[in-house]
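Participant: One structure coming up, written as structure tokens, with questions to follow.
Here you go:
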């Protein structure tokens, strides 16, 4: 008789119900994962929510630095977070320099409070954390940094109030590569109108069909000078400056209009460049004549201008002018929009050579004409933003540091005679003033403007609104430059091969040249005004200031 099997042995041999056990174990694991996912989701949701509140609080703090703590507290209360919130507010400055690590760009400062760092802390609810962690909440913390973008735009060279058409037409014709015939009314319209660079960029983007392009992308696009001029005219037309728009369109048929225009070398919109549209009240205005001239200079590749003014100046029988416009220093555009400090805006280095012939009042030893060669070399004038005053939130002021253009003027012969190569220094020597069979007279004079120092120039909101131009002069500026040169002429008179004292010949030359000195000073001033340059001076203008535009930076 076989023994009855043990129940435990039978249970050990029974394979039924294994799936149920595995399913139960898997279900427990899934429930654990689900609980973990729910808690992690809760932490993520609350963290994102807290980050949004921190972002808004940082913007509120930098918008009202005087009551920053109260602004943060009000922002937190308005968002009705489910748990109590701790807050920490730090005011300081933000350095937007890619070379500086992100964590080091904010610097707490009691004096410069253009940025705010806000740290918020609260508890995120755990729905199943009581089982695994023994608690229903876990602490979370989020930070945000906002900076107030105080922006200012400024430029050098806008002295023009009214223009004489002759010299201006000759200059623009040489720059444009073909004849320009603008009336005095046209020039005055250009000189008196401002164009908004943002409206200009909008018009340019539309004409180039650059959908959603930023201002920087628009200015970097491939285009011609003619397309840029048409965009200027369009912007002027939209703002009601119809006379200036018509004057700009008269330049569309010139040779320069077909040449490429690298606008990103001319204009730097700084922090505004990343935008694809202007915010309400945002504008960057520049003088239309300055903008047009700068475009033509950019299109004129050799940057040389030769003018033959003939006998158009009273008392002078012949006048020729040569201009050589040097390149601006690298990465220094003609106009820039910038936060505090950089970049420096510079005019181009320029050389001016004027040669005139003057008819003597009387005759002596057969002298027919007296030759007078004038050479002026202008170093770059510089300006940089020193400070923006936003104490009045509705309208801000600005302070510039300005270095007037220095250089020198001379009556001399130049070696080499080509003035276009700015990298090659010129040697000045005695210039033949009179050369007839019996008499040779040479002369040389020089006036230097040296010892430049940075000058502080402040612009009030009213002056900015009125488009005020301020002239900053070097301490060594000389009035009546040509007359000063003539008075200081070192003459050498040679008669029949014999060097003698100046005597009556020198007196005749002095009497001949002195009366035309004011006219030559006027010619020199007209040329430098048209170029936006002035020996020993810098004309500066703040085109606009925007205060208190907070933005998240980290």
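Numbering (my numbering), first residue to last: 26 to 579.
C-beta atoms are modelled at their ideal positions from N, C-alpha and C, and glycine is treated no differently.
Quick caveat: nothing in here was measured; it's all calculated off a predicted structure.
#1: Alpha carbon to alpha carbon, how far is residue 207 from residue 216? Give it in angstroms, no decimals.
#2: Put residue 140 into one of helix, strand or coil per three-state DSSP.
#3: Quick check: what's the CA-CA separation for residue 146 versus residue 112?
#4: Please list the segments of the beta strand (DSSP E) lying wholly inside the segment 489-554, counting only runs of 3 or more residues, in order along the chain.
#5: Measure the C-alpha to C-alpha separation of residue 533 and residue 385 and round it to an integer number of angstroms.
#6: Roughly how many whole angstroms lie between the Cα atoms of residue 570 and residue 108?
#7: Please classify residue 221 as buried or exposed, where buried requires at least 16 other C-beta atoms within 10 Å of its C-beta.
#8: Sorted by chain position, which residues of the same chain lie with C-beta nearer than 7 Å to residue 226's C-beta, five sequence neighbours on each side aside?
#9: If you pair each beta-carbon of the segment 294-312 with each one of the segment 248-258, do three or more pairs fall below 8 Å?
#10: Mind listing, in chain order, the continuous alpha helix (DSSP H) runs of no fewer than 4 residues lying wholly within the segment 221-274?
#11: With which residues is residue 440 paired in a DSSP beta bridge?
#12: Ignore the nearest five residues each way along the sequence and tell me which others in residue 468's own chain have a CB closer than 8 Å to its CB.
#13: State the CB to CB distance for the pair residue 453 and residue 439, rounded to an integer number of angstroms; the pair is presumed to be in contact (CB under 8 Å).
#14: Taking 8 Å as the cut-off, does the segment 65-81 touch the segment 125-138 (at least 3 CB pairs, one atom from each stretch)?
#15: Cβ atoms of residue 412 and residue 430: under 8 Å apart, would you say?
#16: Examine the Cβ distances between the segment 282-295 and the segment 158-172 and report whether three or more of them are shorter than 8 Å.
#17: Which residue comes first and which comes last in the beta strand (DSSP E) that contains residue 571?
#18: Within its chain, find whatever has a CB closer than 6 Å to the CB of residue 169; leave out the 5 residues flanking it on each side and keep chain order.
#19: Considering only C-alpha positions, which residue in the set 106, 539, 464 and 536 is nearest to residue 519?
#20: Can you tell me whether residue 152 is buried or exposed? The criterion is at least 16 other CB atoms within 10 Å of its CB, across all chains shown.
#21: How long is the line joining the alpha carbons of residue 561 and residue 542, rounded to whole angstroms?
#22: Leaving aside the five residues before and after residue 382 along the sequence, list all residues of the same chain whose C-beta is less than 6 Å from its C-beta, in chain order.
#23: Any idea if residue 409 is buried or exposed, counting beta-carbon neighbours within 10 angstroms, 16 or more meaning buried?
#24: Here's a check: name, in chain order, each residue in its chain whose Cβ is nearer than 6 Å to the Cβ of residue 336, leaving out the five neighbours to either side.
#25: In the DSSP assignment, what residue or residues form a beta bridge with residue 473?
#26: Between which two residues does the beta strand (DSSP E) holding residue 108 run?
#27: If you run the structure through DSSP and keep just helix, strand and coil, what is residue 170?
#28: So the candidates are 489, 67, 173 and 166; which of them puts its Cα closest to the Cα of residue 140?
#29: Return the chain-ordered list of same chain residues with a C-beta closer than 6 Å to the C-beta of residue 115, the five sequence neighbours on each side being excluded.
#30: Within the same chain, show all residues whose beta-carbon is closer than 7 Å to that of residue 586, passing over the 5 residues directly before and after it, in chain order.
#31: Relative to the C-alpha of residue 196, which candidate in 575, 576, 566 and 549 has its C-alpha closest?
#32: Considering only their Cβ atoms, is the gap separating residue 238 from residue 264 smaller than 8 Å?
#33: Please state whether the Cβ-Cβ distance between residue 211 and residue 258 is less than 8 Å.
#34: Alpha carbon to alpha carbon, how far is residue 350 from residue 181? Give it in angstroms, no decimals.
#35: Would you kindly check if the distance between the Cβ of residue 564 and the Cβ of residue 507 is under 8 Å?
Facilitator: So, from the listed chains and residues:
#1: As a first step, residue 216 is located in the chain shown; it is residue number 191 there, counting from the start. As a first step, residue 207 is located in the chain shown; it is residue number 182 there, counting from the start. Using only the alpha carbons, I get a separation of about 13 Å.
#2: The sequence position of residue 140 within the chain shown is 115, counting from 1. Note: residue 140 maps to strand in three-state DSSP.
#3: Reading the chain shown from its first residue, position 121 is the one you call residue 146. Reading the chain shown from its first residue, position 87 is the one you call residue 112. Looking at the two C-alpha atoms, the distance is approximately 7 Å.
#4: 495-498, 515-520 and 523-525
#5: On the chain shown, residue 533 is found 508 positions in, with the first residue counted as 1. On the chain shown, residue 385 is found 360 positions in, with the first residue counted as 1. Approximately 8 Å between the Cα atoms of the pair.
#6: As a first step, residue 570 must be located in the chain shown, where it is residue number 545. As a first step, residue 108 must be located in the chain shown, where it is residue number 83. C-alpha separation (whole angstroms): 42 Å.
#7: Numbered from 1 along the chain shown, position 196 holds the residue referred to as residue 221. So residue 221 ends up on the buried side.
#8: Here residue 226 is taken as the residue at index 201 of the chain shown, counted from 1. For residue 226, where only same-chain residues beyond five positions count, the Cβ hits under 7 Å are 240, 243 and 244.
#9: no
#10: 222-233, 240-244, 250-263 and 267-274
#11: Position 415 of the chain shown, counted from the start, is the residue given in the question as residue 440. Beta-bridge pairing links residue 440 to 452.
#12: Counted from its first residue, the chain shown places residue 468 at position 443. Cβ within range, chain order: 436, 455, 456, 458, 514, 515, 516, 517 and 534.
#13: Here residue 453 corresponds to residue number 428 of the chain shown, with the count starting at 1. Here residue 439 corresponds to residue number 414 of the chain shown, with the count starting at 1. Indeed, because the Cβ distance is near 6 Å, the residues count as touching under 8 Å.
#14: no
#15: Against the chain shown, residue 430 aligns to sequence position 405. Against the chain shown, residue 412 aligns to sequence position 387. No, these two residues do not count as a Cβ contact at 8 Å.
#16: no
#17: Here residue 571 is taken as the residue at index 546 of the chain shown, counted from 1. First-last of the beta strand (DSSP E) with residue 571: 562-571.
#18: If you number the chain shown from 1, residue 169 lands on position 144. Answer for residue 169: 79, 80, 83 and 143, listed in chain order.
#19: Within the chain shown, the letter at position 494 stands for residue 519. Considering only alpha carbons, the answer is 464.
#20: Sequence index remark: in the chain shown, residue 152 carries index 127 (1-based). Result: exposed.
#21: Here residue 561 corresponds to residue number 536 of the chain shown, with the count starting at 1. Here residue 542 corresponds to residue number 517 of the chain shown, with the count starting at 1. So the two alpha carbons sit approximately 19 Å from each other.
#22: Reading the chain shown from its first residue, position 357 is the one you call residue 382. Only 342, 343, 394 and 396 meet the Cβ criterion.
#23: Counted from its first residue, the chain shown places residue 409 at position 384. Residue 409 should be labelled buried.
#24: Indexing the chain shown from 1 puts residue 336 at position 311. These residues qualify, in order along the chain: 342.
#25: Position 448 of the chain shown holds residue 473. For residue 473, which the question treats as bridged, DSSP gives the partners 433.
#26: Taking the first residue of the chain shown as position 1, residue 108 is located at position 83. Here residue 108 belongs to no beta strand (DSSP E), and DSSP marks it neither H nor E.
#27: In the chain shown, the residue the question calls residue 170 occupies position 145. Of the three classes helix, strand and coil, the one that applies to residue 170 here is strand, per DSSP.
#28: For the purposes of this step, residue 140 is identified with residue 115 of the chain shown, where counting begins at 1. Out of 489, 67, 173 and 166, 173 has the C-alpha closest to the C-alpha of residue 140.
#29: Translated into positions along the chain shown, residue 115 becomes position 90. Taken in chain order, the residues that qualify are 133 and 142.
#30: Lying outside 26 to 579, the shown extent of the chain, residue 586 is not represented and no answer is given.
#31: Mapped onto the chain shown, residue 196 falls at position 171. When only C-alpha atoms are compared, the closest one is 549.
#32: By one-based count along the chain shown, residue 264 stands at place 239. By one-based count along the chain shown, residue 238 stands at place 213. Taking 8 Å as the Cβ cut-off, residue 264 and residue 238 do not qualify as a contacting pair.
#33: Looking up residue 211 in the chain shown gives position 186. Looking up residue 258 in the chain shown gives position 233. Not closer than 8 Å, so no.
#34: For the purposes of this step, residue 181 is taken as residue 156 along the chain shown, with counting starting at 1. For the purposes of this step, residue 350 is taken as residue 325 along the chain shown, with counting starting at 1. Near 16 Å, if we compare the C-alpha coordinates of residue 350 and residue 181.
#35: Along the chain shown, read from residue 1 onward, the residue named residue 507 stands at position 482. Along the chain shown, read from residue 1 onward, the residue named residue 564 stands at position 539. No, the Cβ-Cβ distance between residue 507 and residue 564 is not below 8 Å.
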